[in-house]
Amino acid sequence: MFKKAVVLLSGGLDSTTTLAIARDEGYETYAMSFRYGQRHTVELQFAEKAAKALGVKQHTIVDIDLRIFGGSALTADIAVPKDRVDEEMGDSIPITYVPARNTIFLSYALAWAEVLVADTIFIGANAIDYSGYPDCRPEYIDAYQTMANLATQAGVEGKTKLEIRAPLIDKTKAEIIQIGTALGVDYSLTLSCYDPDVEGKACSGCDSCLLRKRGFKEAGVPDPTHYS
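So the sequence shown is numbered by the numbering used here: it starts at 5 and just counts up by one.
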């Protein structure tokens with residue numbers, strides 16, 4: 005019998021690599037993506053391709069609308085920062101941060117994990133490479149895991165201890181790309197850009213594109229990304 009895991013899958017480089025890791029560790033994977041009001045919904049097409057390529061048992065796309073809160077360049081009519089240097093990226097939490105997004109996503113994944121009787125949730129959170137997001141830190145993941153085991157029937161009854169896995173949290177983009185390449189990830193099926201065009205071509209100038217390009221260069225792996 006397979007051990008089951010819910011994997012949060014955005015269609016980006018980190019989450020797709022995380023899905024490959026879960027599969028390599030022998031999990032029967034259930035991928036969860038979100039149509040949350042993001043301007044770059046084309047990422048969901050990449051998530052579907054990645055899920056299919058990596059053989060998930062089921063891929064669910066959840067519809068919620070975080071535009072009602074605003075406050076992020078990914079959901080509101082706010083310009084996505086371009087061509088920033090490392091010092092600017094690491095200076096403060098960027099405007100591309102979506103308030104409470106990972107907390108919301110993990111809560112949905114937690115509910116599905118309960119129903120599936122899965123004891124693991126994988127998330128592609130990464131605290132390196134100047135992401136600056138508060139909900140991508142190791143202490144956040146640890147705190148959420150503690151909460152999850154207090155909030156579920158299986159956790160309270162002592163039947164199953166839920167684990168929140170963030171295997172890439174302390175990896176650089178180059179290290180992530182090397183891990184994924186070794187696991188056979190086709191990175192042409194991923195999209196990391198915060199401001200892609202309607203065809204899904206990356207802008208090449210947002211923080212995510214800059215970090216991705218540098219990651220491939222440092223990893224010594226050809227970048228298959230289609231840039232506009």
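For glycine and all other residues, C-beta sits at the position ideal for the given N, C-alpha and C.
Next item on the list: Go ahead and pull the three-state DSSP assignment for phenylalanine 38.
Entry: Strand, per DSSP.
Notebook entry, point to check: Is the CB-CB distance between alanine 155 and aspartate 139 below 9 Å?
Noted result: Between alanine 155 and aspartate 139, the CB-CB gap reaches or exceeds 9 Å.
Checklist line | Reduced DSSP secondary structure (H/G/I, E/B, other) of phenylalanine 126 | finding: Of the three classes helix, strand and coil, the one that applies to phenylalanine 126 here is strand, per DSSP.
Next item on the list: Note down the Cα distance separating alanine 122 from leucine 114, rounded to an integer number of angstroms.
Entry: Roughly 9 Å separates the two Cα atoms.
Item checked: Exposure label - proline 171; buried when at least 16 CB within 10 Å -> Counting the other CB atoms within 10 Å of its CB gives proline 171 a total of 16 or more, which places it among the buried residues.
Notebook entry, point to check: So, helix, strand or coil for cysteine 210, using DSSP?
Noted result: Of the three classes helix, strand and coil, the one that applies to cysteine 210 here is strand, per DSSP.
Next item on the list: Find out if the Cβ-Cβ distance for the pair lysine 8, lysine 56 is shorter than 9 Å.
Entry: Between lysine 8 and lysine 56, the C-beta gap is not smaller than 9 Å, which leaves the two residues out of contact.
Note to self: According to DSSP, is aspartate 90 part of a helix, a strand, or is it coil?
What the structure shows: In the structure shown, aspartate 90 falls within a helical segment according to DSSP collapsed to helix, strand and coil.
Next item on the list: Inspect the beta-carbon positions of leucine 17 and alanine 51 and report whether they are closer than 9 Å.
Entry: Not closer than 9 Å, so no.
Check: Do arginine 71 and isoleucine 125 come within 9 Å of each other at the CB atom, strictly closer than that value?
Finding: Taking a C-beta distance under 9 Å as the contact criterion, isoleucine 125 and arginine 71 do not qualify as a contact pair.
Item checked: Own chain partners of proline 226 with C-beta closer than 8 Å, once the 5 adjacent residues on each side are dropped -> Only Phe220 meet the Cβ criterion.
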